[in-house]
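Using our numbering, read the sequence shown as starting at 191 and increasing by one per residue. In this text, a Cβ means the ideal position worked out from N, Cα and C, and glycines have one as well. Here the structure is laid out as structure tokens; the discussion comes afterwards.
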Amino acid sequence: MEGEEDFVLVENLEVLARLYAVQLDLPQGREGFHSFLNWGPIALADFHSIDQHLLDANKVFKNLKDIKDIEEWSFDSKKELTKDQIVFRNQWNRLPQLYKGLHEGLEKDGTTTKAKLSKYVAQSAKTDKYDKV
Numbered sequence: 191m192e193g194e195e196d197f198v199l200v201e202n203l204e205v206l207a208r209l210y211a212v213q214l215d216l217p218q219g220r221e222g223f224h225s226f227l228n229w230g231p232i233a234l235a236d237f238h239s240i241d242q243h244l245l246d247a248n249k250v251f252k253n254l255k256d257i258k259d260i261e262e263w264s265f266d267s268k269k270e271l272t273k274d275q276i277v278f279r280n281q282w283n284r285l286p287q288l289y290k291g292l293h294e295g296l297e298k299d300g301t302t303t304k305a306k307l308s309k310y311v312a313q314s315a316k317t318d319k320y321d322k323v
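Structure follows, in structure tokens:
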């Protein structure tokens, strides 16, 4: 976004479709659209919160992963994760790649989300160019 003057805001449905396309390109990301609809909107809401609160996405995902690792840690090394827990963990581990891939793709096309634009404007202090943020 740096150096750009104007961005086209994309609607949530388009952002969701683009997130699905990003996840299809990732390893182990070939799940069906129906399954994606269970977690995709939640991931987008999380991404929105990260941007809206001007957070560093990499640090947020690392901290959350560390917390999750501590929660799953056990003295009972014989206890294995269930299939659903493994799927959840794998999805959880892909969030940073999804966030980065989504925003890189949007930026490449000259588009962005409302939250990402708000973050950009707040961090660059160039508010005179936009009527609403």
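In this structure, residue 244 places its C-beta atom within 7 Å of the C-beta atom of residue 309.
Taken through DSSP and simplified to helix, strand or coil, residue 199 comes out as strand.
As for any alpha helix (DSSP H) of minimum length 4 sitting wholly inside the region 207 to 257, the runs are 223 to 242, ordered along the chain. At the C-beta level, residue 213 and residue 305 stay beyond 7 Å of one another. Within the same chain, 208 and 212 come within 7 Å of residue 295 by CB-CB distance, once the 5 residues on both sides are set aside. Distance between residue 284 and residue 252, taken at the CA atoms: about 11 Å.
Looking only at 197, 226 and 222, the smallest Cα-Cα distance to residue 282 is reached by 226. In this structure residue 198 is not in contact with residue 291, their Cβ atoms being roughly 19 Å apart against a cut-off of 8 Å.
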